[in-house]
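Asker: Mind looking over this structure? Questions follow.
This is the structure in structure tokens:
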């Protein structure tokens, strides 16, 4: 990331994207998990990451949720830089994992409602 200039689109603002990643890179030893990935998700839309095992989906999600630092490139979530403004990113997002469900006997919907309640949403808003 040293010597790279941030894209003008990475400056945030009310009209910025929900998610914006430019040239994201992550290596584990000699293996590239992400090698120059670009992604833009418009506010108010739903996005799914699809691909075969080892394609970098989990790595991308971990970077976007501030659980992992990228080796290169830039990313913003809700207009906040995932490295420099990680606390603000975490304040604006929620992450409910597929495998690490709070209660594995609940349905996917019930798990999402429970996570929303843990974020102090009312029962109605959580539903």
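Residue numbers (the working numbering): 62 to 188.
Beta carbons are placed, not taken as given, at the ideal position from N, Cα and C, and that holds for glycine.
Everything numeric in this text was worked out from a predicted model, so none of it was measured.
Express the C-alpha separation of residue 88 and residue 169 in angstroms, rounding to a whole number.
Answerer: Within the chain shown, the letter at position 108 stands for residue 169. Within the chain shown, the letter at position 27 stands for residue 88. Going from the Cα of residue 169 to the Cα of residue 88 covers about 32 Å.
Asker: In the structure shown, what three-state DSSP assignment does residue 150 receive?
Answerer: Along the chain shown, one-based indexing puts residue 150 at 89. Residue 150: helix per DSSP, three-state reduction.
Asker: Kindly indicate which three-state DSSP category residue 166 falls into: helix, strand or coil?
Answerer: For the purposes of this step, residue 166 is identified with residue 105 of the chain shown, where counting begins at 1. Coil at residue 166, not helix or strand.
Asker: Taking 7 Å as the threshold (C-beta atoms), are residue 100 and residue 82 in contact?
Answerer: Position 21 of the chain shown, counting from 1, holds the residue named residue 82. Position 39 of the chain shown, counting from 1, holds the residue named residue 100. Cβ atoms of residue 82 and residue 100: closer than 7 Å.
Asker: Using a threshold of 7 Å, state whether the C-beta atoms of residue 138 and residue 150 are closer than that.
Answerer: Here residue 138 refers to the residue found at position 77 when the chain shown is read from its first residue. Here residue 150 refers to the residue found at position 89 when the chain shown is read from its first residue. It is a contact, given that the beta carbons lie within the stated cut-off.
Asker: Tell me which residue opens and which closes the beta strand (DSSP E) that residue 120 is part of.
Answerer: Counting from 1 along the chain shown, the entry for residue 120 is found at position 59. That residue, residue 120, is in no beta strand (DSSP E); its alpha helix (DSSP H) goes 118 to 125.
Asker: Spatial neighbours of residue 108 within its chain, please: CB distance less than 6 Å, with the 5 preceding and 5 following residues excluded, ordered by chain position.
Answerer: Within the chain shown, the letter at position 47 stands for residue 108. Correct list, in chain order: 102.
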